[in-house]
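Asks: Before we start, here is the structure in question, set down as structure tokens.
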Amino acid sequence: MTDITTALANKPVEEAIQYLLEQYPGAVAFSTSFGQEDQVIADIIWRNHLPVRVFTLDTGRLFQETYDVMDLTMARYKQPVEVYYPETSAVEKLVAAKGPNSFYESVENRKECCGIRKVVPLNRALEGVKVWITGLRAEQSENRQGMETLEWDEHRHLYKYNPLIHWGYDEVLAYLDKYKVPFNNL
Numbered sequence: 010m011t012d013i014t015t016a017l018a019n020k021p022v023e024e025a026i027q028y029l030l031e032q033y034p035g036a037v038a039f040s041t042s043f044g045q046e047d048q049v050i051a052d053i054i055w056r057n058h059l060p061v062r063v064f065t066l067d068t069g070r071l072f073q074e075t076y077d078v079m080d081l082t083m084a085r086y087k088q089p090v091e092v093y094y095p096e097t098s099a100v101e102k103l104v105a106a107k108g109p110n111s112f113y114e115s116v117e118n119r120k121e122c123c124g125i126r127k128v129v130p131l132n133r134a135l136e137g138v139k140v141w142i143t144g145l146r147a148e149q150s151e152n153r154q155g156m157e158t159l160e161w162d163e164h165r166h167l168y169k170y171n172p173l174i175h176w177g178y179d180e181v182l183a184y185l186d187k188y189k190v191p192f193n194n195l
């Protein structure tokens with residue numbers, strides 16, 4: 010991992026992604042939730058014609074604003090976004106047994122719901138992937154403070170590339186403004 014980390018150091022995001030594509034052709038994917046950071050990365054990928062597979066998870070509980078940004082993004086860039094959904098029978102069983110809002114009732118219920126609606130579809134989306142690009146930023150939460158630009162995900166056996174991990178919120182907003190990138194009003 011040291012060699013890849015060194016190769017990525019001080020490269021602009023688009024050059025770093027290009028390097029990862031050369032190292033792992035056909036095995037680089039970006040997960041977007043259509044948040045501001047993800048919109049920056051999507052713009053970098055598509056503006057630079059980088060052949061990265063882009064996907065999103067539709068949990069069945071997204072805000073209308075998220076669908077609006079998804080629609081605007083797909084119309085602007087004319088690029089495919091793969092959408093992964095939870096398994097219908099698992100959602101039906103969960104809602105029948107515990108109701109639609111059980112995740113508010115306990116940590117255990119939240120983990121169960123997240124597992125069904127997010128983790129299982131994410132694992133399907135990441136099959137065969139060697140590099141997973143995310144829009145995480147360190148200042149978003151305390152537990153992200155120690156994250157690095159490139160990390161090894163032992164559970165999934167892939168690299169997790171966080172190109173914006175050291176970006177500030179002002180940098181994200183400036184990028185969105187500079188390139189007139191659509192973003193979620195939420």
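Going by the working numbering, the first residue of the sequence shown is number 10, and it counts up by one from there.
For every residue, glycine included, the Cβ atom is placed at its ideal position computed from N, Cα and C.
Please read all numbers here as calculations on a predicted model, not as lab measurements.
#1: I need the DSSP call for Y184, collapsed to helix, strand or coil.
#2: Let me know the beta strand (DSSP E) ranges lying completely inside the stretch 57 to 94, each 3 residues or longer, listed in chain order.
#3: Indicate whether Y28 and A16 have their beta-carbon atoms separated by less than 7 Å.
#4: Bridge partners of I142, per DSSP?
#5: I need the boundaries of the alpha helix (DSSP H) containing L103, first residue and last residue.
#6: Does T97 pass the burial test, meaning 16 or more other C-beta atoms within 10 Å, or should it be called exposed?
#7: Compute the Euclidean distance between the alpha carbons of Q48 and Y33, then round it to the nearest angstrom.
#8: Once DSSP output is grouped into helix, strand and coil, what is the label at W176?
#9: Quick check on the DSSP output: the alpha helix (DSSP H) that includes Y159 runs from which residue to which?
#10: Out of H58, I142, N171 and E101, which has the shortest C-alpha to C-alpha gap to G155?
#11: Can V190 and D12 be called in contact, C-beta distance under 7 Å?
#12: Below 8 Å CB to CB, which residues in the same chain sit around L145 once its five sequence neighbours on both sides are set aside?
#13: Comparing C-alpha positions only, which one of L167, W141, Y168 and D162 sits nearest to I50?
#14: For F192, which option in W176, M83 and V22 has the closest C-alpha, if you only look at C-alpha atoms?
#15: On a Cα-Cα basis, can you pick out the residue from V138, V104 and E136 that is closest to C123?
Replies: Walking through what the data contain:
#1: As a position in the sequence shown, residue 184 is number 175, starting the count at 1. Here Y184 sits in helix by DSSP.
#2: The stretch 57 to 94 contains these whole beta strand (DSSP E) runs: 62 to 66 and 91 to 93.
#3: Stepping through the sequence shown from its first residue, residue 28 is reached at position 19. Stepping through the sequence shown from its first residue, residue 16 is reached at position 7. Yes, Cβ-Cβ distance for Y28 and A16 is below 7 Å.
#4: The residue given as residue 142 occupies position 133 in the sequence shown. Residue pairing for I142: DSSP places it in a beta bridge opposite F39 and Y170.
#5: What you label residue 103 is simply residue 94 of the sequence shown in a count that begins at 1. Its alpha helix (DSSP H) spans residues T97 to K107.
#6: Translated into positions along the sequence shown, residue 97 becomes position 88. Exposed: under 16 other Cβ atoms inside 10 Å.
#7: Taking the sequence shown and counting its residues from 1, the one referred to as residue 48 is at position 39. Taking the sequence shown and counting its residues from 1, the one referred to as residue 33 is at position 24. The alpha-carbon atoms of Q48 and Y33 are separated by roughly 23 Å.
#8: On the sequence shown, residue 176 is found 167 positions in, with the first residue counted as 1. Reduced to three states, the DSSP call for W176 is coil.
#9: The sequence position of residue 159 within the sequence shown is 150, counting from 1. Per the sequence shown, the amino acid found at residue 159 is Leu instead of Tyr. For L159, there is no enclosing alpha helix (DSSP H); the enclosing beta strand (DSSP E) has its first and last residue at L159 to D162.
#10: Position 146 of the sequence shown, counting from 1, holds the residue named residue 155. Comparing Cα positions, the closest option is N171.
#11: For the purposes of this step, residue 190 is taken as the residue at position 181 of the sequence shown. For the purposes of this step, residue 12 is taken as the residue at position 3 of the sequence shown. With respect to D12, V190 sits apart: the two C-beta atoms are not nearer than 7 Å.
#12: Indexing the sequence shown from 1 puts residue 145 at position 136. Spatial neighbours of L145 in its own chain (CB-CB distance under 8 Å, excluding positions within 5 residues in sequence) are listed in chain order as E46, R153, M156, N171, L173 and I174.
#13: Against the sequence shown, residue 50 aligns to sequence position 41. For I50, the closest C-alpha among the options L167, W141, Y168 and D162 is that of W141.
#14: The count along the sequence shown starts at 1 and reaches residue 192 at position 183. Nearest to F192 by C-alpha distance, out of W176, M83 and V22, is M83.
#15: Residue 123 sits at position 114 when you count from the first residue of the sequence shown. Taking only the C-alpha atoms, the option nearest C123 is V104.
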